[in-house]
Amino acid sequence: MRIKNFMEYKKDVYDKGKDTTKDMKPKEYIKELKGKSIKDPEYGRILDEYIINLIESAKNDTDLFEKYNNIIKPHLKELAKEGKCGETEKIVNRFLGRWDSDNEKKATIYGDRSKIFLVNEKYDKAYSNAKKAYDIYHEQFGECDYRTIGARINLIVCRKELDYYEETEDELAVILEDCFEFFDGRDPNIPNIINKMASAYGFRMKEDERVASLREMRYIKAWRIHGKEDIKTLEALYDMADSYYYSDPDKCLVIAKDAYKGCVRHLGEDHSLTLSAQRQLASAYGNNYEHEKALNMKVEIYEKAKVIYGEEARETLSIYKSLINTAVDIANLDKELEEEGKIYE
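The opening residue of the sequence shown carries number 924 in this note's numbering; numbering runs sequentially from there.
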C-alpha cells in the first residue's frame, strides 16, 4: 500500500478508531465504561459520547435528569478526583445547555460545577457557581427547603476555600437555628442534609464535638424517619463511630459492633456497606489492643474482598495491606513482651 498523504492517512486511522463506539446503544456505553479504568485516556471520551447519545435519545427531561443524578454523577466524581476537571466540566456543560430554561435543573448543574472547580482549586469559579445555585433555589423554594439548605452549605464551603474564611463553623451552626422547623420535621432529606453539614467541617474536625453531635442527630433522625433497618440509618450509625476513634475508643468499638451487626442483619454479608462496617470494626478492635480479633476479622474480610472485587482490585489490595500491618503489630507486640519478660527474669 502506497501512502500519498501521510497526514490524511493519519487522520483517517484516528477517525476510524474514534468511531468504534459512535453507534453504540446507551447500555453498551455503560458496559464499555465498566471495562475501563478511570485513568484510561479513552474513559472521558467514551463517557462524553454516551452523554451526547443520552441527550439526543432522551424521552423527556424528567427521565434525563434522573439518569444524570443516578448514572452520570458517579462517573463525573471519579473523573474530577483523577484531576480530569476539563473533561468533567465539558460534560456538565452539555447538560447546562440542555436545561438553560429550567431553573431547578440549572441550579443542580451550577452546584455540580462548583464542586468540580473546588476539586480543581479554582475557588473563585467554585464560589460563583455555588452562589448561582443558591440564589435560584432560594428564590424558587425559600430559605428552609432541603435544596436551598444544601446549596447554602456548599456556598459556605466554597467561601471558606476562597477567602480562608474562619467563621465557617458558626455559619453552619446558624443553619440549624434558621431552619429549626425543617430539622424538627420528618422530611426524608433531613439525614442527608445533616451529613452534608458534618462533612462541611472538614476531615480534620471529624472528632470535633459539633461534628459528633451532628452525626448523632443524623442517626436519630434517620431512625425516626426511615426506620432502624433502612440503609440510611445504618450509614448514619457507621459514620457515627468515626467521631470517637481516637477520643473514645471504647465507645467507637460499641458503635462499630452495632453498625456491623445491623448491616449483616438487614443488608446481608456481601453488601458493600457490610464489608465497610466489618473493616471499621476490625480497626476498632485493633485500636482497643484486641489485635488477635482484628487480625482474624481482617483475614475474613480479605477473603470476601477477593470474591467480590477480585484479587488485584484496589479495594482488595488495601485490605491486604491493612491485614499485613496488623500482623506486624502483633509480631512487634509479642517481641516487646518477650523482651520485657527477659528483663524481669
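By construction, the Cβ of each residue, glycine as well, lies at the ideal position given by its N, Cα and C atoms. Here the structure is a predicted model, which means the values were calculated and not measured.
query                                                                                                                              : result
Any 3 or more C-beta pairs closer than 8 Å across the segment 1096-1111 and the segment 1046-1062                                  : no
Exposure label - residue 914; buried when at least 16 CB within 10 Å                                                               : Nothing about residue 914 can be reported from this structure: the residues present for the chain run from 924 to 1268 only.
Proximity of residue 1179 and residue 1204 at Cβ, strictly below 8 Å                                                               : yes
Candidates 1065, 1030, 1012 and 1066, of which the one nearest residue 1041 by Cα                                                  : 1012
Endpoints, the alpha helix (DSSP H) within which residue 877 is located                                                            : For the chain, the structure presents residues 924 to 1268; residue 877 sits outside this window and is missing.
Pairwise C-alpha distance: residue 1057 and residue 1033                                                                           : 9 Å
Option in 1079, 1172 and 1183 with minimal Cα separation from residue 1213                                                         : 1172
Status (buried if at least 16 other CB within 10 Å, exposed otherwise) for residue 960                                             : exposed
Cβ pair residue 1218, residue 1253 closer than 8 Å                                                                                 : yes
Contact test: residue 1083 Cβ vs the ligand SAH heavy atom, cutoff 7 Å                                                             : Among the ligands in the structure shown, none appear at all, so the ligand SAH cannot be discussed.
Nearest residue (CA-CA) to residue 1130, options 1165, 1245 and 1098                                                               : 1165
Spatial neighbours of residue 996 in its chain, beta-carbon cut-off 6 Å, leaving aside the 5 residues before and after             : none
Other residues of its chain near residue 1156: CB distance less than 6 Å, five sequence neighbours each side excluded              : 1145, 1146 and 1149
Residue of 1141, 1216, 972 and 963 minimising C-alpha distance to residue 1158                                                     : 1141
Residue 1124, DSSP secondary structure in three states                                                                             : coil
Local conformation of residue 1194 per DSSP, three classes                                                                         : coil
Chain-order list of residues whose beta-carbon lies under 8 Å from that of residue 1215 (same chain, five-residue window excluded) : 1253
Residue 1170 burial status per 10 Å Cβ neighbour count (16 or more: buried)                                                        : exposed
Residue 1136, buried or exposed, once every other Cβ within 10 Å from all chains shown has been counted against 16                 : exposed
Runs of beta strand (DSSP E) lying entirely within the segment 1109-1191, each at least 3 residues, in chain order                 : none
Neighbourhood of residue 1106 by C-beta distance below 7 Å, restricted to the same chain and skipping five residues each side      : 1099 and 1113
Same chain only: Cβ atoms within 6 Å of residue 981, ignoring 5 sequence neighbours per side                                       : 987
Contained alpha helix (DSSP H) runs [length at least 4] in the segment 1011-1065, N- to C-terminal order                           : 1026-1042 and 1046-1064
Buried versus exposed, by CB contacts within 10 Å (16 or more), residue 1066                                                       : exposed
Beta-carbon proximity check, residue 1019 vs residue 1007, cutoff 8 Å                                                              : no
Separation of residue 1236 from residue 1195, as counted between CA atoms                                                          : 14 Å
Local Cβ density within 10 Å of residue 994, reported as buried at 16 or more and exposed below that                               : exposed
Terminal residues of the alpha helix (DSSP H) in which residue 1219 lies                                                           : 1214-1231
Reduced DSSP secondary structure (H/G/I, E/B, other) of residue 960                                                                : coil
Proximity below 8 Å, CB of residue 1021 to CB of residue 978                                                                       : yes
Span of the alpha helix (DSSP H) around residue 1081                                                                               : 1069-1086
Local conformation of residue 942 per DSSP, three classes                                                                          : Because residue 942 sits at a pLDDT of 48, beneath the cut-off of 50, its placement in the model cannot be relied upon, and the following sentence gives the value as read from the coordinates. Looking at residue 942 - three-state DSSP - the assignment turns out to be helix.
Beta-carbon proximity list for residue 1036, same chain, < 6 Å, skipping 5 on both sides                                           : 1015 and 1052
Close beta carbons around residue 1003, own chain, < 7 Å, minus the five adjacent residues each side                               : 1011, 1039 and 1042
Residue 1080, buried or exposed, once every other Cβ within 10 Å from all chains shown has been counted against 16                 : buried
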